[in-house]
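Just so you know, the sequence shown maps onto residues 60 to 439 in the working numbering.
Note that the Cβ used here is the ideal one computed from N, Cα and C, for glycine as well.
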Amino acid sequence: MLYTIIGAGIGGLTTAIAFEKYGIEYQLFEKAPALNEVGAGIWLAPNALQVLEHLDILEEIKTKGNSIDRITIGKPDLSSLSDTLQNEVKDTFGYSTIAIHRATLQQLLIEKLPQEKIHLGKAFKESKELNSGRIEITFDDNSTFETDFVIGADGIHSKVRNQIFPESKTRYSGQTCWRGISDYKIPPDFEHRGIELWGNQIRFGISKVAKDKTYWFAVVLSNVNKKDKKELTKDTLLRKFSDFDPLIERLISGTPHERIVKNDIIDLAPLDNWYKNSICLIGDAGHATTPNMGQGGAQAIEDAYYLSNLINDKAGENTFRLFQQKRKTKVNQIVKKSWSMGKIAHWKYGKGLRNFVLKNAPQSIMKKQMMKMYHIEKIG
Ligand SMILES: Cc1cc2nc3c(=O)[nH]c(=O)nc-3n(C[C@H](O)[C@H](O)[C@H](O)COP(=O)(O)OP(=O)(O)OC[C@H]3O[C@@H](n4cnc5c(N)ncnc54)[C@H](O)[C@@H]3O)c2cc1C
């Protein structure tokens, strides 16, 4: 049986690596003519790392990325509202979250795959079921390809999804995010920390991703930003975060303009189903979440793990249905919680109460929730 993966993002590439491990026959098609990830960092939480360990990529990720030993939500002056040490996570899994440059992660994933199975410059246009029961995919260049199954891993604006579930809808959070990789070297005290500072309806995140490279992100309400649309990104940001600790100014100033990317923050309204007949969605194509919990990529990676294991173990059964059953509850909870967290972080009123709750929330409850999210079932 041949599986055709559409999209060489985190989800598609990890699925291909898992298919390689189990000897599942596949081909991967990507619309971009070359694989060049955006200039930003990504946090890989321990649930993602367990899968990458299972796929024998963890050691390279550890070497090229940076371990986060403490996660802080703080005020603009860098004082902390909530601090979660990652000792228990490390004791349980052997590692905590790793922050890494996206391009480095992409490179590590691609290197694990036979290049002849990756077809670049091939944008999925549509597919149809043939009388034989197989599927014929047509690409934008009008070339076609026949397969038994399609895995739609083509991201939040998925064409595969739009074909099988045209009623699906993305939701706009009202927030915009800038991300960059700065050459400014953060002080040693901050090197192994993931920090998010909550100000007056704006927030700023920081973590080291490699030697002398610091990833940052800045989130603002989009309506606040509308009038600034034509201005230089860096000037706009510097002005908005001028009452934050001077470290923020140094990080933004130390980032070349071309290393700053801007995205509106959107997610996907939960779908009733992630599959239809022989086509299944994974990652952002099926369940994109807002980035507030740093879990979108991790969930795509978890999808790769469970789907490949089910295909390997349950050949002959409806593996797409089993996959959806296994994954949907957890994913939907993350999508919902992440959406609320984004709203709380930007509250206009009741900031005092929000900060009080954050400062006094029992660590034990927060840790319990975190450990539950990081859990994945051991298979094999
Ligand atoms: C600001 C921000 C910060 C984030 N931070 C984190 C974080 O710290 N940790 C985390 O785990 N997640 C994070 N995420 C989420 C994470 O980036 C996504 O969840 C993840 O990239 C989803 O992977 P994917 O493979 O499903 O989709 P994508 O990474 O979007 O990949 C989709 C691929 O499909 C290709 N494609 C699209 N259309 C077609 C087509 N028609 N034919 C063929 N190919 C096509 C695209 O070119 C792309 O290569 C963040 C997201 C944002 C926006």
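Assuming residue i is part of the beta strand (DSSP E), what are its boundary residues?
i, result
"residue 233", "229-241"
"residue 358", "Counting along the chain, residue 358 falls outside any beta strand (DSSP E), though it belongs to the alpha helix (DSSP H) covering 355-372."
"residue 204", "203-206"
"residue 255", "252-257"
"residue 142", "139-144"
"residue 267", "261-269"
"residue 131", "129-133"
"residue 297", "Careful: residue 297 lies outside any beta strand (DSSP E), inside the alpha helix (DSSP H) at 292-299."
"residue 87", "85-88"
Where do the ends of the alpha helix (DSSP H) carrying residue i lie?
i, result
"residue 423", "422-433"
"residue 398", "378-404"
"residue 170", "161-170"
"residue 222", "218-223"
"residue 156", "From DSSP, residue 156 is part of no alpha helix (DSSP H); its letter is neither H nor E."
"residue 61", "That residue, residue 61, is in no alpha helix (DSSP H); it is neither H nor E in DSSP."
"residue 179", "Segment: none, residue 179 is in no alpha helix (DSSP H) and carries neither H nor E."
"residue 117", "117-123"
By the three-class DSSP mapping on this structure, what secondary structure does residue i have?
i, result
"residue 192", "coil"
"residue 97", "coil"
"residue 322", "strand"
"residue 70", "helix"
"residue 274", "strand"
"residue 312", "helix"
"residue 349", "coil"
"residue 76", "helix"
"residue 185", "strand"
"residue 211", "strand"
"residue 337", "coil"
"residue 283", "Legend: pLDDT at residue 283 = 49, less than 50; position of this residue unreliable, no value from coordinates given."
"residue 103", "strand"
"residue 332", "coil"
"residue 198", "strand"
"residue 114", "coil"
"residue 82", "coil"
"residue 436", "coil"
Ligand 1 and residue i: does the residue's C-beta get closer than 7 Å to at least one heavy atom of that ligand?
i, result
"residue 102", "yes"
"residue 75", "no"
"residue 354", "yes"
"residue 115", "no"
"residue 338", "no"
"residue 343", "yes"
"residue 180", "no"
"residue 208", "no"
"residue 67", "yes"
"residue 89", "yes"
"residue 350", "yes"
"residue 171", "no"
"residue 215", "yes"
"residue 212", "yes"
"residue 71", "yes"
"residue 276", "yes"
Closer than 7 Å: is that where the CB of residue i sits relative to any heavy atom of ligand 3?
i, result
"residue 238", "You won't find ligand 3 in this model; what it holds is ligand 1."
Thinking residue i and residue j are a contact (beta carbons under 8 Å), I'd like their distance in whole angstroms, please.
i, j, result
"residue 304", "residue 137", "5 Å"
"residue 94", "residue 75", "So it is not a contact: roughly 12 Å between Cβ atoms."
"residue 85", "residue 61", "7 Å"
"residue 442", "residue 435", "The first residue shown for the chain is 60 and the last is 439, placing residue 442 beyond what the model contains."
"residue 187", "residue 195", "6 Å"
Looking at chain C, is there any beta carbon in it that lies within less than 8 Å of the beta carbon of residue i?
i, result
"residue 280", "Among the chains in the structure shown there is no chain C, since it carries only a single protein chain."
Exercise. Hey, is the region 234-241 in contact with the region 267-280, meaning 3+ C-beta pairs nearer than 8 Å?
Worked result: With a cut-off of 8 Å, the region 267-280 and the region 234-241 count as touching, because enough Cβ pairs lie within range.
Exercise. Does the pairing of the region 121-135 with the region 249-259 give three or more beta-carbon distances under 8 Å?
Worked result: yes
Exercise. Would you say the region 175-190 touches the region 159-166, given that touching needs at least three Cβ pairs under 8 Å?
Worked result: no
Exercise. Three or more C-beta pairs closer than 8 Å, one from the region 87-104 and one from the region 353-365: is that the case here?
Worked result: Contact between the region 87-104 and the region 353-365 is present, because at least three Cβ pairs lie under 8 Å.
Exercise. When the Cβ atoms of the region 338-349 are set against those of the region 216-235, are three or more pairs found closer than 8 Å?
Worked result: By the Cβ test, the region 338-349 is in contact with the region 216-235, since at least three Cβ pairs between them sit closer than 8 Å.
Exercise. Hey, is the region 358-372 in contact with the region 306-314, meaning 3+ C-beta pairs nearer than 8 Å?
Worked result: no
For this session: Check whether the region 371-391 touches the region 332-339, taking contact to mean three or more Cβ pairs, one atom from each stretch, closer than 8 Å.
Result: Remark: three or more beta-carbon pairs, one from each stretch, lie closer than 8 Å, so the region 371-391 and the region 332-339 are flagged as touching.
Exercise. Would you call the region 294-303 and the region 222-231 touching, i.e. three or more CB-CB distances under 8 Å?
Worked result: In short, these stretches do not touch, since the Cβ pair count stays below three.
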